[in-house]
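In terms of the working numbering, the sequence shown opens at residue -4 and continues consecutively. C-beta: ideal position from N, C-alpha, C; glycine also.
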Amino acid sequence: MSDNATHIVTITGYNSDGEGVARLENGRVVFVRGAARDDVLEVSLVKERSGVARAEIVRILTSSPYRKEADCAFYPECGGCDYRHISYEEELFAKLQCVNDALKRIGGLATQVNQGAQVEQILHTGQINGYRIEPLTTKVTRFLVRRAVAPVLESYKLSPSVTSGSPGPSSVF
């Protein structure tokens, strides 16, 4: 890192990992884990590469209307969910943006109306919790923790058929 300065950024969207995307004063793209679209944040850079930086939130200056209190005690450490801090409607927006970005960047297809492929809606079952039928690791008792493994007692995402079937969040033990 070139300095320990903080930066003020406005989150404009999401990347494919669910991180908020913003631009620094010099135009450089910065990814911020735990950010929501329209957040105004004070951030500190934690990693820099050519053209892209990663930052952590120092403080939220203006909270996004899409932000909510995470409803899981293991978020964000467990790594099983990227969107527990935003509304479900905003999660669908982020997933739609991810698909359209992939069509444009990876597939080389324009996403403007009448100029190419564009997905207009993410379909969902209305089931916000309990839809994941397989945990992110081979052991049901552990979840991926951003490149490490840690025990998790419950998961809102796992289907009760994978675990004990207890009400509420799925119990992993």
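In this structure the stretch 78 to 95 does not lie against the stretch 43 to 58, because fewer than three pairs of beta carbons, one per stretch, are closer than 8 Å. Taking E37 as the centre and dropping the five residues before and after it, the same chain places the C-beta of T1, I3, V53, R54, L56 closer than 7 Å to its C-beta, in chain order. A distance below 8 Å separates the beta carbons of R32 and G8.
Spatial neighbours of Y70 in its own chain (CB-CB distance under 8 Å, excluding positions within 5 residues in sequence) are listed in chain order as C76, R79, H80. Under the three-state reduction of DSSP output, R100 falls in the helix class. R18: member of the beta strand (DSSP E) spanning 15 to 18, first to last residue. Setting aside the 5 residues that flank it on each side, D12 is surrounded in the same chain by D77, each with a C-beta closer than 7 Å to its C-beta; the list follows chain order.
With a threshold of 16 other beta carbon atoms within 10 Å, D66 falls short and is exposed. DSSP places E51 inside the beta strand (DSSP E), whose first and last residues are 47 to 57. A17 has its alpha-carbon roughly 14 Å from the corresponding atom of S59. G102 and Y61 have their alpha carbons spaced roughly 29 Å apart.
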